[in-house]
Amino acid sequence: MTGRRIALATVHAAVDAHAPDLRDAAIVAIGEGQDNAAFAVGDALIVRFAKARGPARRAARIEREVRVLSIVAPIAPLAVPQPRFVIPEEGALAYATLPGEPLAAHRDAAHPYAIAIAATLGRFLRALHDVPPATVADIVPTDDDTPKQWRNDAARICRRLGTAIPVTCRAAVDVFLHTDPPPRHEGEPVFSHNDLGIEHVLVDPATFAVTGIIDWSDAALCDPAYDFGLIDRDLGRAALIAALAAYGATAPDAQTLFTRAIFYARCSALEDLIDALEASDPMRIDGANAALTRAFAP
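Our numbering puts the first residue of the sequence shown at 169, with every later residue one more than the last.
Structure follows, in structure tokens:
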């Protein structure tokens, strides 16, 4: 998304007004994605601002996320943000710094720990997916796009990517685009994080134990396979298998989840590559190319 830039002065003003005990703490930009920009206030606080234009849109999104966190916190087996203050019209959410660092910052070093990380994420998804849909139906949207819609979107992305698709992946991508997508999820949609990429997974950098999950702004009722697809995209096929085993998926559900997860991994990997190229971010481009290679592995 193309959105506003968040000036440090805006962050300082928010901290001065809502956390005056931290007004003398150093404020450092620590990350920026399509939707949000995040800042560390000393070692004590994270303040995240939505980049969307329009205060009403920002307010609706952040108020929804705060309600989501109030439901997730009591049932999640991992730490999640606990809001200290919000500024709805700014789309600002401040929370005490959680232990750990984003797994994305340790992508290469994490490889030996991928199976254990994925198993933890599988158990985490089990807890979320067990939340009765009625509990969150009036809070989060329902993402009910069909696999055919996903595949059509992927085809449009591929036309834009052209020769930017790595040579080693082009044949597999072509087969993917000319193969019927898997059947859609037949059951009820489930409550899920809906953006469980490694940038939102916190780990202890010494042990690679998962310590928390951040950024709940995309939480939705959706296909239970979607977040498993992001595990496949970011951590690989063996990690996906470990996550599904820890989740407790059994045949025949395990096979259909596995098939749809791979499908979503491939769609999301293509989307990540186009986003990285449009952002002209060399590190993101390298990561997206690696994810594409994993997702399109046999």
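Don't be surprised by glycine CBs; every beta carbon is placed ideally from N, CA and C.
By a beta-carbon distance limit of 8 Å, Leu246 contacts Ile381. Their separation comes to about 5 Å. Bridge partners of Tyr263 according to DSSP: Ile214, Pro251. For the pair Pro373 and Pro349, the CB atoms are not nearer than the 8 Å cut-off. Between the C-alpha atoms of Val369 and Ala417 there is a straight-line separation of about 22 Å.
For Ala407, the closest of Pro300, Ala463, Ala287, Leu460 by C-alpha to C-alpha distance is Ala287. Distance between Ala193 and Asp311, taken at the CA atoms: about 40 Å. Note that the C-beta distance between Pro188 and Ala227 is not below 8 Å. Considering only Pro242, Ala175, Arg221, Arg319, the residue with the shortest C-alpha distance to Val343 is Arg319.
Taken through DSSP and simplified to helix, strand or coil, Val299 comes out as coil. For Ala206, the enclosing beta strand (DSSP E) stretches over residues 204-209. For Arg428, same chain residues with a beta-carbon under 6 Å away, outside a window of 5 residues either side, are Pro350, Ala393 in chain order. In this structure Val248 touches Val240 by the C-beta definition: roughly 5 Å separates them, less than 8 Å. Annotated as distal: Leu176 and Ala212, with beta-carbon spacing of 8 Å or more. In the structure shown, the three-state DSSP call for Glu257 is helix. Annotated three-state conformation of Leu364 is coil, per DSSP. Taking the C-beta atoms as reference points, His361 is found nearer than 8 Å to Leu296.
Counted as a single uninterrupted DSSP element, the stretch harbouring Leu370 is not any alpha helix (DSSP H) but the beta strand (DSSP E) occupying residues 369-371.
Counting the other CB atoms within 10 Å of its CB gives Pro357 a total of 16 or more, which places it among the buried residues. For the alpha helix (DSSP H) assignment, the uninterrupted runs of no fewer than 4 residues enclosed by the stretch 383-417 are, from N- to C-terminal side, 393-403, 405-415.
It is roughly 13 Å from the alpha-carbon of Val179 to the alpha-carbon of Asn204. DSSP, reduced to helix, strand and coil, places Gly171 outside both helices and strands of the structure shown, so it counts as coil. Less than 8 Å separates the beta-carbon of Ile230 from that of Ala218. DSSP places Ala374 in the coil class of the three-state scheme, outside both helix and strand. Within its own chain, the residues whose Cβ lies closer than 6 Å to the Cβ of Leu438, once the five positions on either side in sequence are excluded, are Ala322, Ile325, listed in chain order. One Cα belongs to Val299, the other to Thr336, and the distance between them is close to 41 Å. Measuring C-alpha to C-alpha distances from Val234 to each of Ala206, Ala220, Pro267, Tyr263 identifies Tyr263 as the nearest. Taking the Cα positions, Gln250 is about 31 Å away from Ala459. In this structure, DSSP gives Pro270 an extended state, which the three-state scheme calls strand. Each of Leu389, Ser238, Asp363, Gly199 was checked against the Cα of His353, and the nearest Cα belongs to Leu389. Cβ-Cβ separation between Ile366 and Arg275: approximately 7 Å, consistent with a contact (criterion under 8 Å).
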